[in-house]
Amino acid sequence: MKLGLIGATNVGKSTLFNRLIGTHRAIVTDIAGTTRDIITDNTEFGGVTVQVSDSPGLDNFSEELDFIGKIIKNSDYLLFVVDFNIGIGPKELEIIQLIRKSGMEDQCLLVINKADKWMREADKDVALADYWSLGLASLVMISAKNGANVDELEEMLHLIVSTHSYKKIDPKHELIVTFVGKPNVGKSTLLNTFAKAPLSKVSDVPGTTLDYISEQVSYGDTVFKLVDTAGIRKFTKTHGLEKIAYAKTLKMLEYYKPITILLRDSTEEISKQDLHLVGELIGMGLPIVIARNKIDAIDESQLERLKKGTPEMMNFARWIPACYISGKQGKHLDNLMKLVKKVHDFRTIKISTNSLNTTVLNAQTISPAKFPKNKICKIRYITQVEGHQPSFVCFVNNAEKLNFSLARWLDNVLRRTYGFDGVPIKIDFRGKKEKEERKTASVD
1 MKLGLIGATN VGKSTLFNRL IGTHRAIVTD IAGTTRDIIT DNTEFGGVTV
51 QVSDSPGLDN FSEELDFIGK IIKNSDYLLF VVDFNIGIGP KELEIIQLIR
101 KSGMEDQCLL VINKADKWMR EADKDVALAD YWSLGLASLV MISAKNGANV
151 DELEEMLHLI VSTHSYKKID PKHELIVTFV GKPNVGKSTL LNTFAKAPLS
201 KVSDVPGTTL DYISEQVSYG DTVFKLVDTA GIRKFTKTHG LEKIAYAKTL
251 KMLEYYKPIT ILLRDSTEEI SKQDLHLVGE LIGMGLPIVI ARNKIDAIDE
301 SQLERLKKGT PEMMNFARWI PACYISGKQG KHLDNLMKLV KKVHDFRTIK
351 ISTNSLNTTV LNAQTISPAK FPKNKICKIR YITQVEGHQP SFVCFVNNAE
401 KLNFSLARWL DNVLRRTYGF DGVPIKIDFR GKKEKEERKT ASVD
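Number 143 in our numbering belongs to position 143 of the sequence shown; there are no gaps in the numbering.
Structure (structure tokens):
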């Protein structure tokens, strides 16, 4: 079931959205227009997965109405949220016209929010007369901020879900992919192109996208959940809502652990900030694909130089693949999604212990890692362990002689043999000294 939250700016839709899905998914402030795009997440009512969408609040109300119209069109049921302290104004009347044109009056619940100071029952009936006159299916008075009467709203939603036949939403089997990068590199345009709809507001003004938003698209036999994030600039230059958006992006990355597409403007060189971001993503163990966007803005000779220069700029992580696209014109997006699928396959590959040990033993015989004199360290045994990234445990003959060169050598051996394009590899070395310490600790 698809549930849409609609209403004018600053009536408390995002606060209610967070209440319904049970997390601080949407950024909530007292600043009108904090939510600038449609944001979507899943919750569950009566054992049925419900996809909840929150409409944006924008300075330009006609633009806001376009987003509301899209949600109305794509929803099975609507929650029309109004501010009890303001009542029915011109904006609400325009929204109710959209609901009537869609014929969804019977699939719409009027949610009268911010009713923190409850009136006597007799007075309440008089106050609600105007709301009933709108002709919607039902109404409920709540305070999303304080949680007052939200349980009644949820009970009504339980009843709606259980007594109607809606298309089931299957949240499983999604390959989650997120777009990250500096402001104005074309992340929102790319999401809109994939979705074939204006989900995310596109503007030349940096910082337009604050909350991360997502859309489900299918390519071949794979379902992708594409996530657009706020533009990431130097943390010292962020402030106010941008700082909140930056923190939410990091939490989302840590929670979902998606495949990340680092979007870059083809007309600009890779910056130190981009390299720093790549380092952070590697540190989080996230798969990475570089997408050089806006190739429609450069000529063929510039594109060839770009293809040769990208690996040089990424010297510390040459295993990260790159793709050259135009989100605006939709060029080479199939290539990008094939590359993402390939990286996903490498991320989930399982290698037998026998194959690993044969590979490493042969490599140590033919081209061993280089060590200073009398400080040679050899791998005796290697096995793959569970993890959100390819993770390996190696037992060595002498842990005290370990150095960075062995880790780099093993990383190269594994990539040369098994691929792992775009995927950070985690290696844990253990030696005799560590075994003795664990044995002593267990005896104590």
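Cβ coordinates follow ideal geometry from the N, Cα and C atoms, glycine included. Please read these numbers as outputs of a predicted model, since none were measured by experiment.
Which ranges does the beta strand (DSSP E) cover as unbroken runs of at least 3 residues, wholly within the segment 363-431, from first to last along the chain?
-> 379-385, 391-396, 426-430
If you count every other CB in all the chains shown that lies within 10 Å of the CB of Tyr-77, and 16 or more means buried, which is it?
-> buried
Sorted by chain position, which residues of the same chain lie with C-beta nearer than 7 Å to Arg-380's C-beta, five sequence neighbours on each side aside?
-> Phe-395, Val-396, Asn-397
Please check the pair Cys-323 and Leu-306, which I expect to be a contact at CB under 8 Å, by giving their CB distance rounded to whole angstroms.
-> 12 Å between Cβ atoms; not a contact.
Mind checking Gln-51: buried by the 16 CB within 10 Å criterion, or exposed?
-> buried
Whole-number beta carbon distance between Ile-351 and Gln-384, since they are thought to touch under 8 Å | 5 Å
Counting only runs that start and end within the segment 266-327, where is the beta strand (DSSP E) found for 3 or more residues in a row?
-> 288-293, 322-324
Exposed or buried, Lys-251, counting other C-beta atoms within 10 Å across all chains shown (16 or more means buried)?
-> exposed
Hey, is Val-111 close to the ligand ZN, as in C-beta under 8 Å from one of its heavy atoms?
-> In the structure shown, the ligand ZN is absent, as is every other ligand, since no ligand is present at all.
Phe-194 vs Ile-261 beta-carbon contact at 9 Å | no
Assign Thr-40 to buried or exposed, taking buried as 16 or more other Cβ atoms, counted over all protein chains shown, within 10 Å of its Cβ.
-> buried
Whose C-beta lies closer than 8 Å to the C-beta of Val-140 among residues of the same chain, with five residues either side of it excluded?
-> Leu-109, Leu-110, Val-111, Ile-112, Asn-149, Glu-152, Leu-153, Met-156
Is it true that the CB of Gly-422 sits closer than 9 Å to the CB of Gly-327?
-> no
Expected contact under 8 Å - CB spacing of Thr-359 and Val-413 to nearest Å = 7 Å
Quick one: is Lys-73 buried, meaning 16 or more other Cβ sit within 10 Å of its Cβ, or exposed?
-> exposed
Would you mind working out which of Arg-264, Gln-364, Leu-333 sits nearest Gly-220, comparing C-alpha positions?
-> Leu-333
Met-104, DSSP secondary structure in three states = coil
In terms of residue numbering, what span does the beta strand (DSSP E) encompassing Val-217 cover?
-> 213-219
So, are the CB atoms of Ser-143 and Asp-116 less than 9 Å apart?
-> yes
Take Leu-406 and list the residues in its own chain whose beta-carbon comes closer than 7 Å to its own, dropping the five residues that flank it on each side.
-> Ala-369, Cys-377
Please confirm whether Arg-347 and Ile-282 have their CB atoms less than 9 Å apart.
-> no
By the 10 Å Cβ neighbour count, where 16 or more other Cβ atoms means buried, how is Pro-316 classified, buried or exposed?
-> For clarity, residue 316 is Phe in the given sequence; the question names Pro instead. Looking at its Cβ environment, which holds fewer than 16 other Cβ atoms inside 10 Å, Phe-316 is exposed.
Near Val-82, which residues of its chain fall below 8 Å by C-beta distance, leaving aside the five closest residues on each side in sequence?
-> Gly-7, Ala-8, Val-11, Ile-88, Glu-92, Leu-110, Val-111, Ile-112, Asn-113, Tyr-131
So, is Ser-62 buried or exposed, given that buried needs 16 or more other C-beta atoms within 10 angstroms?
-> exposed
First and last residue of the beta strand (DSSP E) that includes Thr-43?
-> 39-45
Could you check what DSSP says for Phe-84 in three-state terms: helix, strand or coil?
-> coil
Tell me whether His-388 is buried or exposed, calling it buried when 16 or more other Cβ atoms sit within 10 Å of its Cβ.
-> exposed
Out of Leu-16, Ile-86, Pro-90, point me to the one whose CA is closest to Asp-54's CA.
-> Leu-16
Going by other Cβ atoms of all chains shown within 10 Å of its Cβ, with 16 needed for buried, is Arg-416 buried or exposed?
-> exposed
Is it the case that the Cβ atoms of Ile-295 and Lys-331 are separated by a distance below 9 Å?
-> yes
Proximal residues to Ile-176 (C-beta, below 6 Å), its chain only, five neighbours per side dropped = Lys-225, Tyr-256, Pro-258
Give the DSSP-derived three-state secondary structure of Gln-97 in the structure shown.
-> helix
Quick one, which of Lys-401, Lys-101, Lys-145 has its alpha-carbon nearest Lys-373's?
-> Lys-401
Nearest to Asp-411 by alpha carbon, out of Leu-356, Glu-254, Ala-291, Leu-159?
-> Leu-356
In angstroms, rounded to a whole number, what distance separates the CA positions of Glu-174 and Phe-371?
-> 45 Å
Same chain, Cβ closer than 8 Å to Glu-437, five either side skipped, listed in chain order = Bear in mind that a pLDDT of 44 at Glu-437, under 50, signals an unreliable position, so the number given afterwards is only what the model happens to contain. For Glu-437, where only same-chain residues beyond five positions count, there are no Cβ hits under 8 Å.
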